[in-house]
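Here the structure is laid out as C-alpha cells; the discussion comes afterwards.
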Amino acid sequence: MQPLHFDVLIIGSGLAGFTLALNLAKTQKVALVTKKGLHDSSSAWAQGGIAAVLSIEDTPDAHIQDTLIAGGGLCNEAMTRYIVENGPDAVRWLIAQGVDFTRDAHNETGYHLTREGGHSVRRIIHSEDATGKVIQHTLDKQIASHPNIVVLEQHIAIDLITSAKLTHGDQKDNRCHGAYVLDIHAGKVRTIAASNTILATGGAGKVYLYTTNPDVATGDGIAMGWRAGCRVANMEFIQFHPTCLYHPHAKSFLISEAVRGEGGVLKLPSGERFMPWHDARAELAPRDIVARAIDFEMKKRGLDCVYLDISHQPADFLTQHFPTIYKRCLKLGIDITREPIPVVPAAHYTCGGIVTDHRGRTDLDNLYAVGETAHTGLHGANRLASNSLLECLVIGLSAVEDILTREPAPERPLPGWDESRVTDADEEVVISHNWDELRRFMWSYVGIVRTNKRLQRALHRINLLRGEIHEYYSNFRVTSDLLELRNLVCTSDLIVRSAMCRQESRGLHYSRDYPDTLSQAENTILHR
Numbered sequence: 001m002q003p004l005h006f007d008v009l010i011i012g013s014g015l016a017g018f019t020l021a022l023n024l025a026k027t028q029k030v031a032l033v034t035k036k037g038l039h040d041s042s043s044a045w046a047q048g049g050i051a052a053v054l055s056i057e058d059t060p061d062a063h064i065q066d067t068l069i070a071g072g073g074l075c076n077e078a079m080t081r082y083i084v085e086n087g088p089d090a091v092r093w094l095i096a097q098g099v100d101f102t103r104d105a106h107n108e109t110g111y112h113l114t115r116e117g118g119h120s121v122r123r124i125i126h127s128e129d130a131t132g133k134v135i136q137h138t139l140d141k142q143i144a145s146h147p148n149i150v151v152l153e154q155h156i157a158i159d160l161i162t163s164a165k166l167t168h169g170d171q172k173d174n175r176c177h178g179a180y181v182l183d184i185h186a187g188k189v190r191t192i193a194a195s196n197t198i199l200a201t202g203g204a205g206k207v208y209l210y211t212t213n214p215d216v217a218t219g220d221g222i223a224m225g226w227r228a229g230c231r232v233a234n235m236e237f238i239q240f241h242p243t244c245l246y247h248p249h250a251k252s253f254l255i256s257e258a259v260r261g262e263g264g265v266l267k268l269p270s271g272e273r274f275m276p277w278h279d280a281r282a283e284l285a286p287r288d289i290v291a292r293a294i295d296f297e298m299k300k301r302g303l304d305c306v307y308l309d310i311s312h313q314p315a316d317f318l319t320q321h322f323p324t325i326y327k328r329c330l331k332l333g334i335d336i337t338r339e340p341i342p343v344v345p346a347a348h349y350t351c352g353g354i355v356t357d358h359r360g361r362t363d364l365d366n367l368y369a370v371g372e373t374a375h376t377g378l379h380g381a382n383r384l385a386s387n388s389l390l391e392c393l394v395i396g397l398s399a400v401e402d403i404l405t406r407e408p409a410p411e412r413p414l415p416g417w418d419e420s421r422v423t424d425a426d427e428e429v430v431i432s433h434n435w436d437e438l439r440r441f442m443w444s445y446v447g448i449v450r451t452n453k454r455l456q457r458a459l460h461r462i463n464l465l466r467g468e469i470h471e472y473y474s475n476f477r478v479t480s481d482l483l484e485l486r487n488l489v490c491t492s493d494l495i496v497r498s499a500m501c502r503q504e505s506r507g508l509h510y511s512r513d514y515p516d517t518l519s520q521a522e523n524t525i526l527h528r
C-alpha cells in the first residue's frame, strides 16, 4: 500500500485526541486513527465531569492543594499549577464548542457544580452523569465533518517509525516520523508519515480482570512510546475505582464518584456503615483509601461486594442528577431510589505513563503524548477525581500551541511494512488464552494490595508470555488481538517492574512488605 502523508497523525479518539484534531485542523492536514469507532474511548465513559475553578467560592490554590494531598507527595507542583490555572479557559473552549453542561440558575456560574472525593469544595462541572458521552458526541460531529481531518476507523497502530528504523541518512536526530498502522478490515498495514505524531490512546485498564474501562484500553500508546525509546514514570500507580456495579450482566459499569459526593454512603450487607472506621473523611476520602477500605472489608468478611446507598435522597433528585445510573440499575432490577447498589473496586485509571512536559512533548522530537497515556506529574501517586479530563484539555491545547509554532520537520522516505516472511496463524486461540491468563494473574498479584512474592510471580509469567508473543509476532501476520496482547504484556511488565522499585506504600501502591511511607518522595522512572 502507498504511504499516506499528513501534517499531524493522532492515534486515539478520546478528548485529548479530539481537542488536538479540531484545533490543529484549522491550518493542518490531520489523520485521526481509532481502533474501533469515534465513540469508543475512556473519555466517552467518564460520568463525573471536569474539575475546574469556576466558582467565586473556589480558588486555584484550593484546587492545587486538594490535588497535592491526593497525590501523596508525588505531584509536580509547577505542572499542577499550570493545569489548574489554565483549566477555566479550557472548559470555556468546550462550552464554545456547544457542550451542554448541566445548568443551575442558583449558581453564579450558571452551571451545576458537584463535589467528589478529595475535593474541598464543589468544582466539578458536568453533564448530568454522562459528561464524557456528551462531550464526545458534541465534538465527534465536528471531527467527522471537518475537511482537514481524515478519520481512520477500525485501524490500530503497530509501532512508531523512528529515526532508528530508517535505512538511510542521519539516524541521530531522535525523531518520530509517523507510524505503521493496521487496517483491521483489510488486514493490510499502512505506512503513515507525519511531521508530528500524537499518542492519545488512553490507559491500560484491560490489563486487569475487572475494570471500568472500555475494551480499547490496552495500553497501546504507552507500549509504543516505550518501544520507541521514551521514558515512562510511575506505572505502579493504578487507580482502582471504589464503586463498579457488581452484577453478572453489568460489564464494566461505573457508579460515579458523584454519587458519594451527593451523599451516598457505603455499607456492609448488614446495613452498617464502615468508611468512618477507615478515614475521617469517610466516603469523601480519596479513591485509593476508599478502594482499600472496601477491599479490606470484603476480604475480612468473605464478601462478594459491598453496598452504596443513596436511597435516602428524594427520588426526583436521583433521577435528575443520575439518570444514566438510575436507568442502567433499574434495567438490572435495582431501584436506587429504594435500595442500595452492590459495588466492588475495579481498575480505573493509569496514573503513570510516557514522560512529557507541559506541552505534551516526549523524549522523541515530533512525538507528543497527551491524556491518560502520558505522565505529566499532575496525578502523583493518586489522581484526584475529575482531574483527568482537565489534563486532556489543558495539555492538548498546550500541545497545539507548540506544534503550530514549530517549523515543519523535513520529510523523509519511509520504509514500508515488511511481512514477506510471515504466514497466517493456524491457532489464534493461543492469543485469547494468553490474554485471559494475563488479566487474571495481574488482578491476583498486582492489584490493590501487593507483596514481593506476588510481584515476582507476575513477572515470571510475563516473561513467559513475552517469549510466546515474540515467537507469534515474528512468524504470523499481525492481527488486532495480537497487537493488543503484545501491548498489554509490555504495559504489565512496566507496572510490575515499577512496583518492584517502590519499597514503600504510597498513594495507590500498597505493599504488605513495605507498609510504611518513606519521608522522601521520588518518582519511579524507567529508561529503555
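For the sequence shown, my numbering assigns the number 1 to the initial residue and increments by one for each residue that follows. Note that the Cβ used here is the ideal one computed from N, Cα and C, for glycine as well. Because the structure is a prediction, the values reported are computed rather than measured.
Report yes if the C-beta distance between residue i and residue j is below 7 Å; otherwise report no.
i: Ile124; j: Val91; result: no
i: Asp363; j: Cys501; result: no
i: Gly205; j: Ala347; result: yes
i: Leu378; j: Thr197; result: no
i: Ser163; j: Asp7; result: no
i: Asn487; j: Ala233; result: no
i: Val555; j: Ser388; result: Nothing about residue 555 can be reported from this structure: the residues present for the chain run from 1 to 528 only.
i: Leu390; j: Gly87; result: yes
i: Val30; j: Leu24; result: yes
i: Leu485; j: Trp417; result: no
i: Asn585; j: Leu182; result: Within the shown structure, residues of the chain are numbered from 1 to 528, placing residue 585 beyond reach of any answer.
i: Ile156; j: Ser480; result: yes
i: Asn452; j: Asp402; result: no
i: Ala521; j: Leu199; result: no
i: Thr536; j: His247; result: In this structure the chain extends from 1 to 528, so residue 536 is not present and cannot be described.
Leaving out five residues on either side along the sequence, give the residues of the same chain with a beta carbon under 7 Å from the beta carbon of residue i.
i: Tyr82; result: His358
i: Ser398; result: His358, Arg359, Gly360
i: Asp295; result: Pro345, Ile448, Val449
i: Ala250; result: Leu332
i: Ser120; result: Ala62, Asp66
i: Thr201; result: Ile11, Gly12, Asp220, Gly221, Thr373
i: Lys300; result: none
i: Tyr349; result: Gly203, Gln239, Glu372, Arg383, Ser388
i: Thr337; result: Ser311, Ala315, Leu318
i: Lys26; result: none
i: Leu113; result: Leu54, Ser55, Asn107, Arg122, Arg123, Ile124, Ile125
i: Ile462; result: Val489, Ser492, Asp493, Val496
i: Ser505; result: Ser511, Tyr514, Pro515, Asp516, Thr517
So, at 6 Å on beta carbons, what are the nonlocal neighbours of residue i in its own chain, with the 5 sequence-adjacent residues on each side left out?
i: Val84; result: Pro60, His63, Ile64
i: Arg466; result: Val489
i: Met235; result: Gly352, Leu494, Ile495, Ser498
i: Ser176; result: Looking at the sequence provided, one finds Cys at residue 176 rather than Ser. So the qualifying residues of the chain are Leu160, Thr162, Thr197, Leu364, Asn366, Leu367.
i: Ala223; result: Asn487, Cys490, Thr491
i: Trp93; result: none
Leaving out five residues before and five after residue i in sequence, what residues of the same chain have Cβ atoms less than 8 Å from its Cβ?
i: Arg585; result: Nothing can be reported for residue 585, as the shown portion of the chain is limited to 1 through 528.
i: Met529; result: In this structure the chain extends from 1 to 528, so residue 529 is not present and cannot be described.
i: Arg454; result: Ser444, Tyr445, Val446
i: Lys327; result: none
i: Pro408; result: Asp7, Ser195
i: Val430; result: Glu468, Tyr472
i: Ile95; result: Phe101
Using 8 Å for Cβ pairs, my map puts residue i next to residue j. What's the rounded Cβ distance?
i: Lys267; j: Val216; result: About 34 Å separates the two Cβ atoms, so there is no contact after all.
i: Leu483; j: Ile158; result: 6 Å
i: Leu9; j: Ile192; result: 5 Å
i: Gly110; j: Ser386; result: Between Ser386 and Gly110 the Cβ distance is about 19 Å, and since that is not below 8 Å, they are no contact.
i: Cys329; j: Ile341; result: 6 Å
i: Ala21; j: Leu4; result: Actually they are not in contact, since the Cβ atoms of Ala21 and Leu4 sit about 16 Å apart, beyond 8 Å.
i: Leu166; j: Arg406; result: Not confirmed; about 21 Å, so no contact.
i: Thr324; j: Asp129; result: 5 Å
i: Gln154; j: Ile184; result: 4 Å
Using a C-beta cutoff of 7 Å, does residue i count as contacting chain D?
i: Arg227; result: Although the question refers to chain D, the structure presented lacks it and comprises just one protein chain.
Within 8 Å, do at least three Cβ pairs link the region 312-323 to the region 349-367? Taking 8 Å as the limit for Cβ pairs, the verdict is that the region 312-323 does not touch the region 349-367.
Given 8 Å as the limit, is there contact between the region 248-259 and the region 188-199, that is, 3 or more CB pairs closer than that? no
Please give the ranges of any beta strand (DSSP E) in the region 138-187, keeping only runs that are unbroken, at least 3 residues long and fully inside the region. 149-152, 155-162, 176-183
Is there contact here, the region 7-18 with the region 363-372, by at least three beta-carbon pairs under 8 Å? yes
Using 8 Å as the Cβ pair cut-off and three pairs as the minimum, do the region 107-120 and the region 66-76 touch? yes
Should the region 134-141 be regarded as contacting the region 99-107, the criterion being three or more beta carbon pairs within less than 8 Å? yes
Of all the beta strand (DSSP E) runs that stay within the bounds of the region 269-342, which reach a length of 3 or more residues? 306-309
Of all the beta strand (DSSP E) runs that stay within the bounds of the region 233-266, which reach a length of 3 or more residues? 238-245
Ordered list of alpha helix (DSSP H) runs contained in the region 361-415, each at least 4 residues: Segments of the alpha helix (DSSP H) lying fully in the region 361-415: 388-405.
Length-filtered (4 minimum) alpha helix (DSSP H) runs lying within the region 11-38: 15-24
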